Structure formats: structure tokens, C-alpha cells
Amino acid sequence: MVEKRPNPDVTQNGENKKPRPNGAAPDPQKIIAEAKARAEAAKARLMAGKGSIASSTSTPTPVQSSMAAKLEEIKARVAAATKGTKPAQPTNISQLHPILFGTQSATSIAGITSASIQASKGVSGKPSARAKDVVSGELEEEKKNPYLDDSGSAQAPSRKSRPLKFHQKGVFIAQASNRRRFQAMDDMKRRIAESAKTATRDDDNTCFLVSAPETDVEWWDAGIIDSYEHLFDPLKLKIGTDDSPITIYIQHPVQLNPAQDILEFKQKPLPLTAKEAKKVRRQRRMNDLKDQQFRVRLGLLPPDPPKLTKSNMFRVLGEEAVKNPTAVEAMVNKQVADRLERHETANEERKLTKEQRHEKLQMQQKKDADKGLVVSVYRIENLSNPQHRYKVDINAKQHNMTGITILHPSFCLVITECGEYSNKQYKRLMLNRIRWEEQMAPHEVRQGNREALASFLETTDEEGNLKDLSLNKCTLVFEGTEQNRSFRNWKSKVCETDREAKETLKRAGMENMWTLAKSQGSLSST
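As C-alpha cells, then:
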């Protein structure tokens, strides 16, 4: 919405600032009459405008035709501007704003405005006050517009292009070098200043002065004495009192190993072969003997008495042995007996007790198992001989094995888990040492022994004759390694059927071993 231009004769408060002529007061009747006349004239103009609009409904109005002509003139000016020719002047300039004539002079603008005033006259042929105000406002706006070209040229001057200005080669490189040089100089100045401050601080002797203590006695001596002035006064010392920190009890703090020693990597010595061990022992004994002989030469140790035997007593003792050979022989026999006794006593002292031997054996078996577990599965055709069952069971326990012995009417299965050394010894027992063809006479069976009470484990058959074990043998079915043990301990179990045997092995996850042993037995029979 376009705002109306304010009336310069009327202020913001609506007061009329026109000076009164000759200072006389206005006549109210005259003002009322003028207002009525203006109202009648406005009403007449309104009625005339309505009549002209009603009469021109069938034909295009002058306003529509003027707008079309204006549009055509603008198109012509745009086409002339693009081609560089002077645009044609509009034919009907009464409908154009004076700003569109930017190339015209002030006189032509005045003529155009006068023509527009003549065209905008009313029915009476006189210009209306509204038209006069519009024309005067346009003239003032035209004069105040700083963007109009007064040169009178048909086309606005084109913008002059500025020439390109290139920098000389190396300008910015030189600037960067200067900045780096200045920065290095600033850093050097700062370091010199800091070193000067440090030197002045070191030269100042006041920093080595020790301040006076705030208290008369230090905190670690406060529980023994009140002041150092009474240091040599035994009555002032708190040593024999009840609250004294010094008592008759002594506390020895526990020594703790440094934490970094736990993480320290210690290289293990390489194991020596038997030949290397003998060589080391021989060299050690030779060095000890040389050291002892050196001490004897210096007089630090008495020389050892000669080692007398019956073969060298005449050579060592000489004339004394010739004079009294019986006494010399008795003396030699006594020395030989003493040497033998000392040797046997030393051997007994070095000998381990039964508990120590058992503990040493378990430690060696544990180290052997830590290197890797070996699983072995043996198939035995018949275990009716109780001696065979005993050897299988007791040797497995002695080697600290875990596993199971399944006693079945068709065949028996033995599964072992142990270290490499124990597995080697047990394998030698099962395949070479035990004579599986031997059978023993029947003996008395203890009550509650399920193994002996089973009919297929008896040494005799139904007729009372000893069972023939000439075809009995032990076969290694499987041998491999595993990471963890499948059995907790060593045990034996009697299984009458295949289902019972598989369920027993299923708890350890080795039910496939029964199928493997059974299939291998069928292949060997064929």
C-alpha cells in the first residue's frame, strides 16, 4: 500500500501553520461555505466518473489502451538498448512517469509534465488539485534523485574494466622469510631472558637459607621430649613412662619383594645332556681339588693322610711295614672299614624318605602333565585274570593317571590321560610286559566285589575248567593329545551291555571311543 505524501502545511498534531492575513481571525461562516462547495464538486466528479465507466464497458478504456501502449514502448526500448540503437520516444507520454525519460533534459521533462497536467483535467477543462500535487511531487522527486544522468546521452556509460595487476615473483616468499626471521629473533630473545632470570636466581644466596623451625621440637621427637633444651636431662625424657613410644617390645617389619621383580623375565637355563653333565661335574671336582691343594701349600689346611690299602701299604710305609706287618695290616683294615662306614653313612643321609620320594614323584608327574596331556585307548579281549586287572589298575594310580577301565563281556576298554613320560611307561606295560595269555587258578572271592562276582570275569568256565587265554591280547586303538582332562580320577566299572558302556563314556564326551574299539575288533577278526 502506497502511503500518501504528507501535507507540508499541516504538522503532525494536525495544527494549521498558515499565517493569518493581517492578524485577523477567520470567519466561521466562510469556512463552512467553502467546505460545502468542495463537497459538491467532489460529488459531481464522482458521478461523472461513474457515467464514463458505464459507457465504456463494451469498448476498451483509455487506461487499458494506455497500458498496452506503455508495454509496447518498454519492449521497444529494451530491444533498442540490446542492439545499441536509440529507443523511439513514446507516442503517448501523458501516461508515462517522468523517471522513464532519464535521457531527456529538464525542459523536456517540464513539457511532459505540463502535457500530463492538460490530460488530467476534469470535465470543466481545468487541472484538478490532485493532479497539481502529483506533478509537483514528481518534479521534486526528479530533482532529488541522484541516479539520473543529466548528460542527455541515450545510453548510460558502460563500466570501465580495471586492468589485471600481477604480483612480482618472490614477494610473498620474501614476506614469509622475514616473518620467520623475526619469529626466530623473538624466540632467541625470550630464551636469553629466561636464562638470565635463571642465572640471577642461582646467584642469589637467599634461596639456600634455612628458615627457623616453627616449633621447639620436631614431630618425630614430640613423643619423647618436650623441648631440645631438656635433651640431656634424663628426668625430662619420656622413656620410662606408660605413654612412652619406646617399649621393650621389638617389631620387625615384614620384608616385601619389589613389585617389579615379579614382572622381571628370568631366562631358564638349557638342560644339559648326560655327556655335558659329566664334563661339568669333572671340571668342578678338579677345581675343588686344586683349591684344596693350594690351601695346603699355604699352610691353611693340614695335609690329608695317605690312603692306605693292602696293595700300597709296603710302598707307602716302607720299613715300618717290614718291621711289623701284622700291626700295619690291622691299621690298614681299620682305615678301609672307616672309609666304607663314612661312605654308607653319607649315602643314608642323602637318601630321601618315603614321603619325600612320593612328593618328588608327584611333582615330576605334574610337570610332565603340564607340558601336554596324552590320551591312549587300549582294547583287551579278556580281563578275567585278576592279576591283569590289578596290574592295570595299580600302575595307572602310581603314574597319577586319570581315566577308566570298562569291563564288558565282549571286550574290555582302558582309557588313560597322563603326561608323555607316564604314557610311555604305561604303554610299555600294556603292550610288552604283561603276559595276557597267562591264567591263574581260582581263588576265594571277597563279598561285595562286583568285578569278581561277574560271570564273564571268572577264571573258570561253566564246567569248572580254566578259561583259555591263548588268543587274549591288548591292542592300542587310539593315541593323541588333548588340552584338558575329561576324567577327574581313575576308576573301573562293570558294564553288561553296550548301551551302559556308552552312557558311562558319554559323561566324559568319549562315547565314540567305544564304537572305534568295537569296529577295530571286528576288522581284526576278519
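Okay, so the sequence shown: first residue is 1 according to the UniProt record's numbering, each after it adds one. Note that the Cβ used here is the ideal one computed from N, Cα and C, for glycine as well. Computed from a predicted model, the values in this text were never measured in an experiment.
(Q) Buried or exposed, going by whether 16 or more other CB atoms sit within 10 Å of the CB of methionine 430? (A) With 16 or more Cβ atoms within 10 Å of its Cβ, methionine 430 is classed as buried.
Q: Identify, in the order they occur along the chain, each residue of the same chain with its Cβ nearer than 7 Å to the Cβ of glutamine 439, setting aside the five sequence neighbours on each side.
A: Cβ-Cβ distances below 7 Å link glutamine 439 to Asn385, Thr459, Leu466, Lys467, Leu469 in the same chain, with the five nearest sequence neighbours on each side left out; the list follows chain order.
Q. DSSP three-state call for leucine 373: helix, strand or coil?
A. If DSSP states are grouped into helix, strand and coil, leucine 373 belongs with the strands.
Q) What are the start and end residues of the beta strand (DSSP E) that includes valine 254? A) Taken as a continuous stretch (DSSP letters only), valine 254 belongs to no beta strand (DSSP E), as it is neither H nor E.
Q) So glutamate 479 is in the beta strand (DSSP E); what residue range does that whole segment cover? A) It spans 474-482 - the beta strand (DSSP E) in which glutamate 479 sits, taken as one unbroken run.
Q: Count the other C-beta atoms from every protein chain shown that fall within 10 angstroms of the C-beta of tryptophan 490, then say buried if there are 16 or more, exposed otherwise.
A: Around the beta carbon of tryptophan 490, a 10 Å sphere encloses 16 or more other beta carbons of the protein chains shown; the residue is thus reported as buried.
(Q) Using the Cβ count rule (16 or more neighbours within 10 Å means buried), how would you classify isoleucine 32? (A) By the neighbour-count rule (16 or more Cβ atoms within 10 Å), isoleucine 32 is not buried but exposed.
Q: Note down the Cα distance separating valine 374 from lysine 334, rounded to an integer number of angstroms.
A: Distance between the alpha carbons of valine 374 and lysine 334: 56 Å.
Q. Whose C-beta lies closer than 7 Å to the C-beta of proline 87 among residues of the same chain, with five residues either side of it excluded?
A. For proline 87, the predicted structure reports a pLDDT of 48, less than 50, and the residue's modelled location is therefore unreliable. The matter cannot be settled from this model.
(Q) Can you give me the C-alpha to C-alpha distance between glutamate 276 and arginine 433, rounded to a whole angstrom? (A) The straight-line gap from Cα to Cα measures roughly 33 Å.
Q: Inspect the beta-carbon positions of isoleucine 246 and lysine 236 and report whether they are closer than 8 Å.
A: For isoleucine 246 and lysine 236, no; Cβs fall outside 8 Å.
(Q) lysine 307 and valine 332 - do their beta-carbons sit closer together than 8 Å? (A) No; because the gap between Cβ atoms is not below 8 Å, this pair is not in contact.
Q. With 16 other CB atoms within 10 Å as the buried threshold, where does serine 161 fall?
A. Burial is judged here by how many other beta carbons sit within 10 angstroms of a residue's own beta carbon; serine 161 has fewer than 16 and is exposed.
Q | arginine 297 - DSSP class collapsed to helix/strand/coil | A | Arginine 297: helix per DSSP, three-state reduction.
Q. Taking the DSSP output, what are the residues bridged to threonine 416?
A. DSSP output for threonine 416 lists Ser376, Gly403 as bridge partner(s).
Q: Determine the DSSP secondary structure at valine 494, reduced to helix, strand or coil.
A: It is a strand residue.
Q | Contact check, leucine 407 vs leucine 457, beta carbons under 8 Å | A | In contact: leucine 407 and leucine 457 (Cβ atoms closer than 8 Å).
Q.
If distances are taken between C-alpha atoms only, which option among Lys391, Cys418, Gln260 comes closest to asparagine 400?
A. Asparagine 400 has its Cα closest to that of Cys418, out of Lys391, Cys418, Gln260.
Q) leucine 471 to glutamate 381, Cα distance in whole Å? A) Each residue's alpha carbon lies about 8 Å from the other.
Q. When burial is assigned at 16 or more other CB atoms within 10 Å of the CB, is glycine 403 buried or exposed?
A. Looking at its Cβ environment, which holds 16 or more other Cβ atoms inside 10 Å, glycine 403 is buried.
Q) Hey, methionine 313 and valine 336: beta-carbon distance below 8 Å or not? A) Between methionine 313 and valine 336, the C-beta gap is not smaller than 8 Å, which leaves the two residues out of contact.
Q) Taking the alpha-carbon positions, what's the tyrosine 421 to threonine 481 distance? A) Those two C-alpha atoms are separated by around 13 Å.
Q | Assigned exposure category for methionine 513 - 16 Cβ within 10 Å defines buried | A | Classification for methionine 513: buried.
Q: Quick one: give me the first and last residue of the alpha helix (DSSP H) that valine 332 is part of.
A: Run containing valine 332: 325-350, per the alpha helix (DSSP H) assignment.
Q) When DSSP builds the beta bridges, which residues end up paired with threonine 460? A) Bridge partners of threonine 460: Leu466.
Q | 8 Å contact criterion, which alanine 517 and arginine 379 should meet: CB distance rounded | A | Rounded, the Cβ-Cβ distance is 5 Å, consistent with contact.
(Q) For a test of the three-state rule: what should DSSP assign to isoleucine 434, helix, strand or coil? (A) In the structure shown, isoleucine 434 adopts coil according to DSSP, grouped into three states.
Q) What's the gap between the Cα of alanine 48 and the Cα of arginine 38? A) For the pair alanine 48 and arginine 38, the Cα-to-Cα distance works out to about 15 Å.
Q | Coarse secondary structure for alanine 508, derived from DSSP in three states | A | Alanine 508 falls in the coil class under three-state DSSP.
Q. Among Trp219, Ser519, Arg159, which has the Cα closest to the Cα of serine 410?
A. Taking the Cα of serine 410 as reference, the smallest distance to any Cα among Trp219, Ser519, Arg159 is reached at Ser519.
Q) When the Cα of lysine 397 is compared with those of Tyr426, Gln267, Gly372, which residue comes out closest? A) If we check each option's Cα against that of lysine 397, Tyr426 comes out closest.
Q. So which of Gly372, Thr416, Asp370 has the shortest CA-CA distance to valine 392?
A. The residue from Gly372, Thr416, Asp370 with its alpha-carbon nearest to that of valine 392 is Thr416.
**Q.** The alpha helix (DSSP H) enclosing leucine 317, as first and last residue numbers
**A.** From DSSP, the alpha helix (DSSP H) with leucine 317 extends over 313-317.
Q: Can you tell me which of the three DSSP states leucine 383 falls into?
A: Leucine 383: coil per DSSP, three-state reduction.
Q: Kindly indicate which residue of Lys189, Ser455, Leu383, Cys412 has the alpha-carbon position closest to the one of threonine 515.
A: A check of alpha carbon separations from threonine 515 across Lys189, Ser455, Leu383, Cys412 identifies Cys412 as the nearest.
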